[in-house]
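To keep things clear, I will list the structure first and then write my remarks on it.
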Amino acid sequence: MKTTGNTIFISGGSAGIGLAMAKKLNAAGNTIIINGRSEERLQSALKQLDQAIAIQGDLSVEADRIRIAKELKEHHPKVNVIINNAGAAFSYLLSETLNAHEKAAIEMNTNYLSVIHFTELLLPHLLQKTEAAVVNVSSIAVFGSHKLVPTYGATKAALHSYTVALRYTYEEEKNLQIYEVYPPLVNTEFSAEIGGANGIPPEEVADELFLALEKNQFDVPVGDTKQFFK
Ligand SMILES: NC(=O)c1ccc[n+]([C@@H]2O[C@H](COP(=O)([O-])OP(=O)(O)OC[C@H]3O[C@@H](n4cnc5c(N)ncnc54)[C@H](OP(=O)(O)O)[C@@H]3O)[C@@H](O)[C@H]2O)c1
Numbered sequence: 033m034k035t036t037g038n039t040i041f042i043s044g045g046s047a048g049i050g051l052a053m054a055k056k057l058n059a060a061g062n063t064i065i066i067n068g069r070s071e072e073r074l075q076s077a078l079k080q081l082d083q084a085i086a087i088q089g090d091l092s093v094e095a096d097r098i099r100i101a102k103e104l105k106e107h108h109p110k111v112n113v114i115i116n117n118a119g120a121a122f123s124y125l126l127s128e129t130l131n132a133h134e135k136a137a138i139e140m141n142t143n144y145l146s147v148i149h150f151t152e153l154l155l156p157h158l159l160q161k162t163e164a165a166v167v168n169v170s171s172i173a174v175f176g177s178h179k180l181v182p183t184y185g186a187t188k189a190a191l192h193s194y195t196v197a198l199r200y201t202y203e204e205e206k207n208l209q210i211y212e213v214y215p216p217l218v219n220t221e222f223s224a225e226i227g228g229a230n231g232i233p234p235e236e237v238a239d240e241l242f243l244a245l246e247k248n249q250f251d252v253p254v255g256d257t258k259q260f261f262k
């Protein structure tokens with residue numbers, strides 16, 4: 033798809049991978065709308081972007097998803113790309129916790145159910161556009177389990193399954209493309225507890241997404257995740 037002139041909403045665009053994507057796409061001439069829970073982080077991110085917009089809100093909360101989708105449609109109707117990037121993960125050992133199911137529920141709500149709902153809220157709007165895309169950020173965790181994030185992988189595998197189904201559903205609609213980005217370990221705050229300092233820079237994920245958009249390459253493995261796409 034075109035990589036300039038889009039209006040792109042990025043959930044979790046105030047830090048890490050989302051902010052790196054915001055910067056890359058902003059520099060290429062796209063209007064960027066970032067989202068996050070902390071207003072302070074959003075304001076700090078806005079200073080690093082050119083004429084970007086921020087919409088505060090917690091996408092794991094139903095009322096916030098409805099409000100944000102409404103605000104996008106009413107005040108930023110040019111939005112034609114949504115990047116579902118915000119995610120949650122708990123780092124813990126199954127042997128040392130008694131509430132893994134509560135952690136799993138939070139992860140599943142943020143990483144899977146909320147993405148389905150938010151996407152559903154915006155799909156009718158996106159389908160009216162000449163060119164539109166949904167970009168879901170999953171993970172290398174789609175392809176295997178890790179004992180330090182024991183209930184996270186399943187949520188990203190679920191997101192992957194939904195993303196493929198969404199792509200199949202709309203494959204006849206030439207104006208709507210469905211992308212999935214699979215980052216490996218990336219050096220962000222998110223991964224700090226599982227050795228994220230050894231991960232790749234978030235800019236590498238943003239660069240791969242940009243190239244994929246240019247090529248209409250819907251699966252976007254990054255770094256180590258490429259081994260699963262040979
Ligand atoms: N880092 C990795 O190693 C890695 C690897 C594979 C996949 N991923 C995936 O990549 C995505 C981004 O991760 P990251 O490493 O860039 O994380 P990060 O550096 O911690 O940034 C997360 C961003 O999301 C926002 N956010 C978190 N929860 C939110 C919510 N419920 N609603 C709205 N915004 C929210 C944060 O801002 P606020 O805190 O202010 O809300 C921040 O802007 C996640 O889906 C993650 O699962 C990460």
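In this note's numbering, the protein residues as written are 33 to 262.
The C-beta atom is built at its ideal place from N, Cα and C for all residues, glycine as well.
- Between the beta-carbon of V181 and that of I114 there is about 25 Å, and that puts the pair past the 8 Å contact cut.
- Here H107 is exposed. Its C-beta has fewer than 16 other C-beta atoms within 10 Å.
- Not one heavy atom of ligand 1 lies closer than 7 Å to the C-beta of S127.
- Cβ neighbours of L78 within its own chain (closer than 6 Å, five residues either side excluded): A84 and A86.
- Between V252 and Y211, the gap from beta carbon to beta carbon is short of 8 Å.
- Per DSSP, F222 has no beta-bridge partner at all.
- Contact annotation: the region 67-81 does not touch the region 137-155, with fewer than three C-beta pairs closer than 8 Å.
- Judged by DSSP secondary structure, V147 falls within the alpha helix (DSSP H) whose first and last residues are S146 to L159.
- The beta-bridge partner set that DSSP reports for I210 consists of V166.
- When DSSP states are grouped into helix, strand and coil, G231 belongs to the coil group.
- For L91, the distance from the CB to the nearest heavy atom of ligand 1 is below 7 Å.
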